[in-house]
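Here the structure comes first, spelled out in structure tokens, and everything after it is commentary.
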């Protein structure tokens, strides 16, 4: 039989995956959509590469959330499908995978599903394409292979068949014997995977995945309240089996553990800590660098002005509107190259913020300042980033800028602002970091999201204040390999990302190029004007949308571990463009400077 | 409230854990039994250390499978409990955790459970100890906190109370409100943990933990047979979402993937491969080393004789009975220090074995031999170990020993034999290694077991032939950190491990010392004669037993990455002493030579 492998099963760029599949003797591949979107090769080039390698493109996948939806939505789905069928023609792929819908708008109506799949198959047939319909184990209404087959059978369309996947069938415990009742010619595709069985019973969950209170999803405080009402007076004892903690250094883990109990006791009212003082903005971001020149060049192209210089240290203050970036070429810089080393958090009560941080076991940083410097409270975050509690131009409080001498009277042209900061956490410190930012700084932690990098999965979780003037995205790799390559970045807010990107480029800045395939997908997903799409493609601007609005963003080249993002955010948009992160990461990998 | 942390929540040796807990400000600790067993400190010393650090020992845990069992078994349990209560008195711990039974022998009888727990509490009371009974979420008959409390209430014993654990309560979705109905003074202990929720639905399972056919637990071949009977003629396509594969190099992963499909097709009869030729023994093990002296010293103390020398290479053959070890000081040795580099597998048909290996994509090794050397077929295992297919002293087949000149006529004293070899796999290659050994060599893969190392979890999985003359234990760390420190080892079979260990020591060999706490636990678990226990403790001999018999083993010091084990195995015993591995690993960590 012919053998094939989905590109998602292998690591690396699409080219690396195809080469590996060919060398290992596979006859064909399934092209996974994300791999195509992130590839710099045009569909025709991918087709030619596969042909050279002796690989058939057996399947293009997936199309999702197509069937059993209201009429208007189905019309949009057909439009999207037409885009993908055109793409498949260029690829030379003649079978497409359609997964059973997980959309909340999908209705439980087999007849409607059959009718719409039949319409989709009509369109596919015009392109010489076959549609293979598969039941996802977690499909909203269709989750078993026999159910998917009943719909395909009811549709009775020659270009519509079913795709069987051993994972979806066996993970549900379905009896595979019923497969024999499906005519072989209607089984358009077979995907095979094995899995450890049982993957995760409560015992495995307990032995490997516990975490400290506040790091998971349990209402531990609620439980504790009941225990206290019962009259319990014994100790609160943490019993946590966790594969990561087993490997992490005991000292920091113990501090993190104790912080979790302090916060828990505060939550149930048996311990009183200094009130949280939620930061109200980013006063500054400090980059340390052994060589100021490359950073200065990027900042200048971004419209920053070198506004002031520290009186006693080799630190320059670059400013644009309210966005302030310190560039430090002091001794610390020589050790680790260019990196984001400190954040100044604007806070209404610096001393109070520091008291709370100290009570919650945050390491208070020694004051390394000259006697004449302004007093600044600072603590270390779990990843080592220094957090300064600042009061910028507020009467009665020391202003950190008093230590700087102005270099220019010019007001930095036009309003600038930090949209968010993104920090890569050491592998062991991801859950710890969210707990720290939540309890010590009083920020809200959002849900964590998985992002596919070509060389591994990343997790990302944002912490923010209520009005979004402080947003920090914490990221971490799936394992402790190579996480230093995942850069830190500073996202600058702009009202017009196109104009900002053009100005940056005109000033000599280099933007991260994004593959053309991404823009074809964008055209399929959203009805954006063709001119806008062309502009976005030219500048490498990415686009996302959620219920609250749109998000347009693009990226600069990377200096050391640091790059910049230009961000145009609709007020209601809550995210950080995670949908585009895998494309961005792949582009960064392929443009990574030699190390 | 007092705060406490279970030692199992932290990484490192017991001393490191206690120090970290104290520095982080905890008031007390739960001492986890395995941490105590692996510690070189006597209970009194642990007590003193905790006192110095300002830590109370709030709990000793766990006791398992105590209650609701037949009379004779309960008598044995009480005997075990008495040992532990004596230990707790020395520790100064006054509360013990008893988890609800998971034993298959436990009966579903609350009255019996209450009666036996009451008897246990009687005994505990004599020692001034309180028993805290906890419902494990996966307890055999008692799995909810209210059920555990009903049993405690029925027992009505002052020294018996309940232990509540947020994980066990919330992971089952129990309503914690009922806790308020328990009198506070009967809640003897509270353990807190959080967990990601939901830990693993089928979506997570699908997106992160699929693997290639034959690497998991699904009957993929069974499914494929049904699909073929239905008349399917399309490709077999692997669609595997796996966090590890996403990070691994694409080339080897693709080969592994294709091998899995070849084996699958062979299993369902659509592809014919050369028949498996199952190895019948270990012909030799080859160590490469930059300095033969330390290895030679250990081998000599183990009773090996330097029997022959290779005609053209710096390779010595050391022999004892049927156990043969090559010591290679050639150029390869200088790169990586002392390691196990090759295995000679005794096989009835070397050429056939090589043909199958090649058909299953095992890399065939180039012949690096002088023209006069015997022809030896060899392939590389996924971890790089070279596998030679050998025929030792069999008519009509080239004998690898023909390349060696005898150095002595003396017959190596007494029978020796390899019991098993243990190889540490690179992180990415664990599942691959088991599949390789199973399909390429025709060995049976046993279930994988988790082993707690002080600095992380290890997994281990053995592959064997039917009569146990070839046994290879494949091990891997939980993450790609530091796995090179996990050594490889050669286990030598002996009929009398005590005599063998004494001879080794008398000849100047150094055995790995095992903490005294281990032997106290052994006394509690098994009724071994006191003299035997004393001898075991003196020599560092570990003991395990399964349904088929007993297993006694001890370890030599480590040279480079390699150490030796002396093994006395009852014929029916199927394992490798995994129950003792965490104690052994902790002892090796504390005796690790400076690097």
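Residue numbers (our numbering), protein chains in the order written: chain F, 32 to 626; chain S, 32 to 626. We put the beta carbon where it would ideally sit given N, CA and C, even for glycine. These figures come from a predicted structure and were not determined experimentally.
C-alpha distance - residue i paired with residue j, whole-angstrom precision
i: residue 547 of chain F; j: residue 616 of chain F; result: 15 Å
i: residue 240 of chain S; j: residue 277 of chain S; result: 11 Å
i: residue 564 of chain F; j: residue 126 of chain F; result: 28 Å
i: residue 42 of chain F; j: residue 484 of chain F; result: 9 Å
i: residue 612 of chain F; j: residue 272 of chain S; result: 18 Å
i: residue 311 of chain F; j: residue 452 of chain F; result: 14 Å
i: residue 568 of chain F; j: residue 550 of chain F; result: 6 Å
i: residue 406 of chain F; j: residue 305 of chain F; result: 20 Å
i: residue 622 of chain S; j: residue 293 of chain S; result: 45 Å
i: residue 116 of chain S; j: residue 70 of chain S; result: 18 Å
i: residue 133 of chain F; j: residue 111 of chain F; result: 17 Å
i: residue 319 of chain F; j: residue 534 of chain F; result: 26 Å
i: residue 219 of chain S; j: residue 253 of chain S; result: 51 Å
i: residue 618 of chain F; j: residue 544 of chain F; result: 7 Å
i: residue 575 of chain S; j: residue 518 of chain F; result: 50 Å
i: residue 415 of chain F; j: residue 122 of chain F; result: 47 Å
i: residue 183 of chain S; j: residue 580 of chain S; result: 37 Å
i: residue 334 of chain S; j: residue 596 of chain S; result: 13 Å
i: residue 119 of chain F; j: residue 507 of chain F; result: 35 Å
i: residue 381 of chain S; j: residue 420 of chain S; result: 5 Å
i: residue 572 of chain F; j: residue 481 of chain F; result: 22 Å
i: residue 250 of chain S; j: residue 296 of chain S; result: 13 Å
i: residue 338 of chain S; j: residue 356 of chain S; result: 10 Å
i: residue 515 of chain S; j: residue 266 of chain F; result: Because the pLDDT at residue 515 of chain S is just 46, under 50, the model does not fix this residue reliably, and the value given afterwards should be weighed accordingly. The straight-line gap from Cα to Cα measures roughly 40 Å.
Within chain A, the residues that residue i reaches when beta carbons sit closer than 9 Å
i: residue 284 of chain S; result: Judged by its chain identifiers, the structure shown contains no chain A, and its protein chains are F and S.
Residue i at chain S interface by Cβ criterion, 7 Å
i: residue 278 of chain F; result: yes
i: residue 225 of chain F; result: yes
i: residue 288 of chain F; result: yes
i: residue 265 of chain F; result: yes
i: residue 180 of chain F; result: no
i: residue 460 of chain F; result: no
i: residue 37 of chain F; result: yes
i: residue 163 of chain F; result: no
i: residue 619 of chain F; result: no
i: residue 218 of chain F; result: yes
Minimum Cβ-Cβ distance from residue i to chain F less than 7 Å
i: residue 268 of chain S; result: yes
i: residue 33 of chain S; result: yes
i: residue 155 of chain S; result: no
i: residue 221 of chain S; result: yes
i: residue 240 of chain S; result: yes
beta-carbon residue i near the ligand FMN non-hydrogen atom, thresh 6 Å
i: residue 616 of chain F; result: This structure does not include the ligand FMN; it has no bound ligands of any sort.
Check: Which runs of the beta strand (DSSP E) spanning at least 3 residues fall entirely within the region 484 to 556 of chain F, listed in chain order?
Finding: As far as the region 484 to 556 of chain F is concerned, its whole beta strand (DSSP E) runs of at least 3 residues are 487 to 495, 502 to 508 and 519 to 524.
Check: Which runs of the alpha helix (DSSP H) fall wholly inside the region 176 to 220 of chain F and span at least 4 residues, in chain order?
Finding: Here the runs fully enclosed are 176 to 186 and 197 to 202.
Item checked: Inter-stretch contact at 8 Å, needing at least 3 Cβ pairs: the region 42 to 56 of chain F / the region 268 to 286 of chain S -> Taking 8 Å as the limit for Cβ pairs, the verdict is that the region 268 to 286 of chain S does touch the region 42 to 56 of chain F.
Notebook entry, point to check: Listed in chain order, which residues of the region 348 to 379 of chain S have Cβ atoms closer than 7 Å to some Cβ of chain F?
Noted result: Taking 7 Å as the Cβ-Cβ cut-off, the region 348 to 379 of chain S has no residue approaching chain F.
Check: What residues in the region 242 to 260 of chain F bring their beta carbon closer than 9 Å to a beta carbon of chain S?
Finding: Here the close residues are 242, 243, 244, 245, 246, 247, 248, 249, 250, 251, 253, 254, 255, 256, 257, 258, 259 and 260.
Notebook entry, point to check: In the region 419 to 450 of chain S, which residues sit with their C-beta less than 9 Å from some C-beta in chain F, listed in chain order?
Noted result: Taking 9 Å as the Cβ-Cβ cut-off against chain F, none of the residues of the region 419 to 450 of chain S qualify.
Check: How about the region 374 to 392 of chain F and the region 308 to 323 of chain F: do they share at least three Cβ pairs that are nearer than 8 Å?
Finding: Contact check between the region 374 to 392 of chain F and the region 308 to 323 of chain F: three or more CB pairs, one atom from each, fall below 8 Å, which counts as touching.
Notebook entry, point to check: Between the region 456 to 488 of chain F and chain S, which residues of the former have CB atoms less than 7 Å from a CB of the latter, in chain order?
Noted result: Under the 7 Å Cβ criterion, the region 456 to 488 of chain F contributes 486, 487 and 488.
Checklist line | Ranges of the alpha helix (DSSP H) found wholly within the region 92 to 177 of chain F, counting only runs of at least 4 | finding: Runs of the alpha helix (DSSP H) inside the region 92 to 177 of chain F: 102 to 122 and 141 to 157.
Note to self: Residues of the region 185 to 215 of chain S in Cβ contact with chain F at a cutoff of 7 Å, in chain order, please.
What the structure shows: Answer in chain order: 195, 196, 197, 198, 200, 201, 202, 207, 208, 210, 211, 213, 214 and 215.
Item checked: Minimum length 4: unbroken alpha helix (DSSP H) runs contained in the region 218 to 263 of chain F -> Runs found: 233 to 239 and 251 to 261.
Check: Does the region 493 to 502 of chain S come close enough to the region 409 to 424 of chain S to have 3 or more Cβ pairs within less than 8 Å?
Finding: Judged by pairs of C-beta atoms under 8 Å, the region 493 to 502 of chain S does not touch the region 409 to 424 of chain S, as fewer than three such pairs exist.
Margin query: So within the region 251 to 325 of chain S, which uninterrupted beta strand (DSSP E) runs reach at least 3 residues, ignoring any that extend past its ends?
Written below: With a minimum length of 3 residues, the unbroken runs of beta strand (DSSP E) contained wholly in the region 251 to 325 of chain S fall at 267 to 269 and 312 to 319.
Margin query: Output needed in chain order: residues of the region 54 to 74 of chain F with a Cβ under 9 Å from some Cβ in chain S.
Written below: Legend: CB atoms of the region 54 to 74 of chain F lying less than 9 Å from CB atoms of chain S belong to residues 54, 55, 56, 57, 58, 59, 60, 61 and 63.
Next item on the list: Determine, using beta-carbon pairs with one atom in the region 341 to 358 of chain F and one in the region 452 to 467 of chain F, whether at least three such pairs fall under 8 Å.
Entry: At 8 Å Cβ cutoff, the stretches do not touch.
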